[in-house]
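Here is the structure we will look at.
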Amino acid sequence: MDYVIEMLNIRKEFGNFVANDNITLQVKKGEIHALLGENGAGKSTLMNVLFGLYQPEAGEIRVKGQPVKITDPNVANDLGIGMVHQHFMLVDVFSVTENIILGKEITKGGRIDIKKAEEEVRRISEQYGLAVDPQAKISDISVGMQQRVEILKTLYRGAEILIFDEPTAVLTPQEITELIQIMKTLIKEGKSIILITHKLKEIMEVADRCTVIRKGKGIGTVNVSETNPNELARMMVGHDVVFKVEKKPAEPKQDVLEINDLVVKDSRGLTAVNGLNLSVRAGEIVGIAGVDGNGQSELIEAITGLRKAESGSVKVNGKELINHKPRKIMESGVGHIPQDRHKHGLVLNFPIGENMVLENYYQKPYSKNGILNFKEIYNQARRLISEFDVRTPSEYVLARALSGGNQQKAIIGREVDRNPDLLIAAQPTRGLDVGAIEFIHRRLIEQRDHGKAVLLVSFELDEIMSVSDRIAVIYEGRIVAVVDPKETDEQELGLLMAGSSRKEAGTNV
Amino acid sequence: MSKRLQGIITPIIAVLLGIIVGTIIMLVSGYNPISAYNALWNGAFGEVYYFGEVVRQVTPYILAGLAVAFAFRVGLFNIGVEGQFIVGWLAAVWVGTSFDLPKIIHLPLAIIAATVAGALWAYIPGLLKARLRVHEVIVTIMLNYTALHVSNYLIKNVLTNHKDRTGMIKESASLRSDWLQSITDYSRLHWGIIIAVICCFIMWFLLERTTKGFELRAVGFNQDAAQYAGMNVNRTIILSMVISGAFAGLAGAMDGLGTFGYVTVKSGFTGVGFDGIAIALLGGNTALGVFFSAILFGALKVGALNMPLEAGVPNELVDIIIALIVFFVASSYIIRVVLNRFGKKDVK
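Top to bottom, those sequences are chains L and G. Throughout the first sequence, residue numbering follows this note's numbering, covering 11 to 519 in sequence. Throughout the second sequence, residue numbering follows this note's numbering, covering 22 to 369 in sequence.
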């Protein structure tokens, strides 16, 4: 067999923890090989072993049939292995070319020969259909383009095998389509690709074969053409997964949240929310679809009182709350699952138990006469931890030590338990695995069924489409369309998100 | 290795490293380190008089350390403890000299005056930070000079008639105790140490057990999350500076009402406030840690006076050793990395 990369029976331990237990991954030349697993299953560890960042305790790595020892990333580079990182490693103020040659400059007499470098970048870019402008500044180009610069970086260094780490997490649907095209071109030009992902749809669409790992163990390798998403999910999670979020039709009642002509400026003083109107009724989930940076964050911050609004009105249960203090808004029945759980959701250096009362520590029974009652605080923490299935060694462990999914479950437990009339969920499943996503979606729908209003903001169209009862598309700080998820598709949403009017979107389909 | 154990071992190793490097320096410059350290020990604990002096020195050190540590726990770097110390000292002596009151009123009044003066002096940088985001380090450094010169002016022109030192405070405002002095061979030991120890407890209780403390710690770790959770971050910042300054002002009262009983025109800073930074750092910004590290610094400071007498080692060398300890504490990151490496090997 003509394997370009073979990782045979790889074992990697961290102390007593076995991150990779006899995992075998064999990549054929010219294929797109997906590596599928939940968060914490050991995908990144395995790739870091291949990239020379970790040394395995046992096992063998072969490149083109030759046994090799990859002691550091430079060795990996020399062997033609390149990594396209999830978080781009680019210098914003440098040009595309400067970023690509960084560390491997073409010089002439001690000076960088930028002309020659630009030619080289242009040549590679054209060869693989990347259409990148070598002279553009990184800060001026889109996220999708930045990712192509990352791809170019590996190609410039002569990579034969490209590892893509969750490449679609930051892209719009159109950019994802383009990326898939690029990956196919790369294969045509003789490269091989390892695609790390937990999105089954992408694997079905682009990969030739797929290796699944679960809890550090290799579960198996399958031909994508002979499998289906359900089987892959079962291999990944270990049990059957319900994809279609099951829910009854919504029974919306009165308006809970009413926003009229809201104007909010962002941190740079530019208008981010520009005369926005939106309402969310009791007993429904309204999803806000949009490309990152169209005012979603500012909208949520204005509703929750974290950012000053310039003008307009935000009413909850008929009560005007614009520019009130966050605590006042919270006490008026607003719950908020923040977009960035590390920045806003948790005090990472507090025990998880104390994080469970972060918003109501000052109320009875947690506090009496200004003195905290730790017994009550930790009773509440234990109750939420078991009710929301937060996996933690104990309630005294620092929040920092928990995995992302468990941190998120803790936040959701805290917010839901306060029983708010309006629950705002900003990207509640970002970076989480299938099991946790399912759990969180169920909880959101449960809130809706209890007659609460839920406002969901997400960059994942799948999530918006499957969970929402109505979809509001945000573009440049306004709601440009409100659509019924049953009567739309990704194509139409994608165009609306890119600023086309509904009519145009309709004719373009 | 548990985090708690590491928190204890790291400063101990830092102190040991300081002593070892100090030894090397003494050897290189031709002094006998054994007799030098012997002299240091004797100078701190060898006689009951010295012991009394150590405790006396430890008293303002504890309070200055608490002041720095308290602000630090809320994420603020209060370099202005020195200035708050000076205004506290001045206020205590002012009240101590100007009134004739029964002791039960006069002494608490003088102590409260010092506390309020320090708190107000620290309120300024707190307010500027909270309202205008002016960095507290810059403001507190400038306010140190302001405090020094304003207090000198007041001593010369208001408290006295162009003299360099005020009169003694009234007996009714004094922390001194004949009994404490007599059992320590007439050292300057005074009742202030009890106030300092109570303040250690207050700091611990306030931060770890009260609702306000929860807010203070939350703001210290993560302002964004604190704001999201509905806490008033700006008010918490101001409050933390005020409490920090209150501790610093109280430290000034210790010298004003206990050790000296007067206040003089100063040509420069006393150094107590700056030593407080090192004490807080060595003590890991906890109340108990500050208590122990203040004892160490107090013993070094007092014991050092004996080194030139008994071992012929110059005073400056002691300053170098103290500086080395601070250096190693500040670089405790390195010690922690080394400890972790050993710790990992144990696990396997």
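Glycine included, each C-beta is placed from N, C-alpha and C at the ideal position.
Cβ-heavy atom distance between residue i and the ligand GDP below 6 Å?
i, result
"S314 (chain G)", "Although the ligand GDP was asked about, the structure shown includes no ligands whatsoever."
According to DSSP, is residue i part of a helix, a strand, or is it coil?
i, result
"V137 (chain G)", "helix"
"T178 (chain L)", "coil"
"I422 (chain L)", "helix"
"R25 (chain G)", "helix"
"H211 (chain G)", "strand"
"G509 (chain L)", "coil"
"Q191 (chain L)", "helix"
"Q264 (chain L)", "coil"
"F313 (chain G)", "helix"
"E331 (chain G)", "helix"
"F24 (chain L)", "strand"
"P77 (chain L)", "strand"
"I116 (chain L)", "coil"
"P144 (chain L)", "coil"
"T231 (chain G)", "strand"
"I151 (chain L)", "coil"
"I269 (chain L)", "strand"
"I190 (chain G)", "coil"
"R132 (chain L)", "helix"
"T13 (chain G)", "No information on residue 13 (chain G) is available, as it lies outside the stretch 22 to 369 that chain G covers here."
"R154 (chain G)", "coil"
"L503 (chain L)", "helix"
"R72 (chain L)", "strand"
"I203 (chain L)", "strand"
"H127 (chain G)", "helix"
In the DSSP output, what is residue i paired with across the bridge?
i, result
"G330 (chain L)", "Residue identity differs from the one stated: residue 330 (chain L) is Glu in this sequence, not Gly. In the DSSP output, where bridge partners are listed per residue, E330 (chain L) has L:K325."
"Y13 (chain L)", "L:K38"
"P32 (chain G)", "For P32 (chain G), which the question treats as bridged, DSSP gives no partner whatsoever."
"Y485 (chain L)", "L:R488"
"C2 (chain L)", "Any answer about residue 2 (chain L) is impossible in this case: the structure gives chain L only from 11 up to 519."
"R480 (chain L)", "L:V296"
"P361 (chain L)", "L:L408"
"R121 (chain L)", "L:K118"
State yes or no: is the C-beta of residue i within less than 7 Å of the C-beta of residue j?
i, j, result
"G69 (chain L)", "N284 (chain L)", "no"
"I332 (chain L)", "V344 (chain L)", "no"
"A299 (chain G)", "V311 (chain G)", "no"
"L433 (chain L)", "Q457 (chain L)", "yes"
"A151 (chain G)", "Q105 (chain G)", "no"
"F79 (chain G)", "G319 (chain G)", "The displayed chain sequence assigns Val, not Phe, to residue 79 (chain G). In this structure, G319 (chain G) lies closer than 7 Å to V79 (chain G) by Cβ."
"T314 (chain L)", "H346 (chain L)", "yes"
"E311 (chain L)", "S289 (chain L)", "no"
"G251 (chain G)", "E369 (chain L)", "yes"
"F98 (chain L)", "E160 (chain L)", "yes"
"G375 (chain G)", "G305 (chain G)", "Lying outside 22 to 369, the shown extent of chain G, residue 375 (chain G) is not represented and no answer is given."
"G234 (chain G)", "A140 (chain G)", "no"
"I110 (chain L)", "V131 (chain L)", "yes"
"G277 (chain G)", "V284 (chain G)", "yes"
"I203 (chain L)", "L172 (chain L)", "yes"
"E331 (chain G)", "A65 (chain G)", "no"
"A246 (chain G)", "V254 (chain G)", "no"
"A88 (chain G)", "G289 (chain G)", "no"
"P239 (chain L)", "L210 (chain L)", "yes"
field: Selection of the stretch 243-264 of chain G by Cβ proximity to chain L, strictly under 9 Å
entry: N243, D245, A246, A247, Q248, Y249, A250, G251, M252 and N253
field: Residues, ordered as in the chain, of the stretch 379-412 of chain L that lie near chain G by beta-carbon distance below 7 Å
entry: G380, I381 and L382
query: Relative to chain G, which residues along the stretch 351-371 of chain L have a C-beta separation below 8 Å, given in chain order?
result: K353, H354, G355, L356, V357, L358, N359, F360, E364, L368, E369 and Y371
message: Under 9 Å, CB to CB, which of the residues in the stretch 325-348 of chain L have a partner in chain C?
response: Among the chains of the structure shown, chain C does not appear; the protein chains present are L and G.
Residues of the stretch 298-319 of chain L whose Cβ lies closer than 8 Å to any Cβ of chain G, in chain order: T314 and L316
message: Output needed in chain order: residues of the stretch 81-93 of chain G with a Cβ under 9 Å from some Cβ in chain L.
response: none
field: Touch test, the stretch 231-240 of chain G against the stretch 99-116 of chain G, Cβ-Cβ under 8 Å, three pairs minimum
entry: no
- request: Using a Cβ-Cβ cut-off of less than 7 Å, give me the residues of the stretch 291-304 of chain G that come near chain L, in sequence order.
  value: none
task: Closer than 7 Å, Cβ to Cβ, to anything on chain L: give me those residues from the stretch 206-235 of chain G, in chain order.
output: R230, T231, T232, K233 and F235
task: Note down, in chain order, all residues in the stretch 331-353 of chain G with a beta-carbon under 8 Å from any beta-carbon belonging to chain L.
output: none
task: Return the residues of the stretch 264-285 of chain G that lie within a Cβ-Cβ distance of less than 8 Å from chain L, sorted by chain order.
output: none
message: Counting beta carbon pairs with one atom in the stretch 43-56 of chain L and one in the stretch 223-236 of chain L, are three or more of them shorter than 8 Å?
response: yes
message: Between the stretch 75-84 of chain L and the stretch 150-169 of chain L, can you find at least three pairs of beta-carbon atoms closer than 8 Å?
response: no
query: Quick one: any contact between the stretch 437-444 of chain L and the stretch 373-385 of chain L, if contact means 3 or more CB pairs under 8 Å?
result: no
task: Compile a chain-ordered list of the residues in the stretch 105-133 of chain G whose CB is closer than 9 Å to at least one CB of chain L.
output: none
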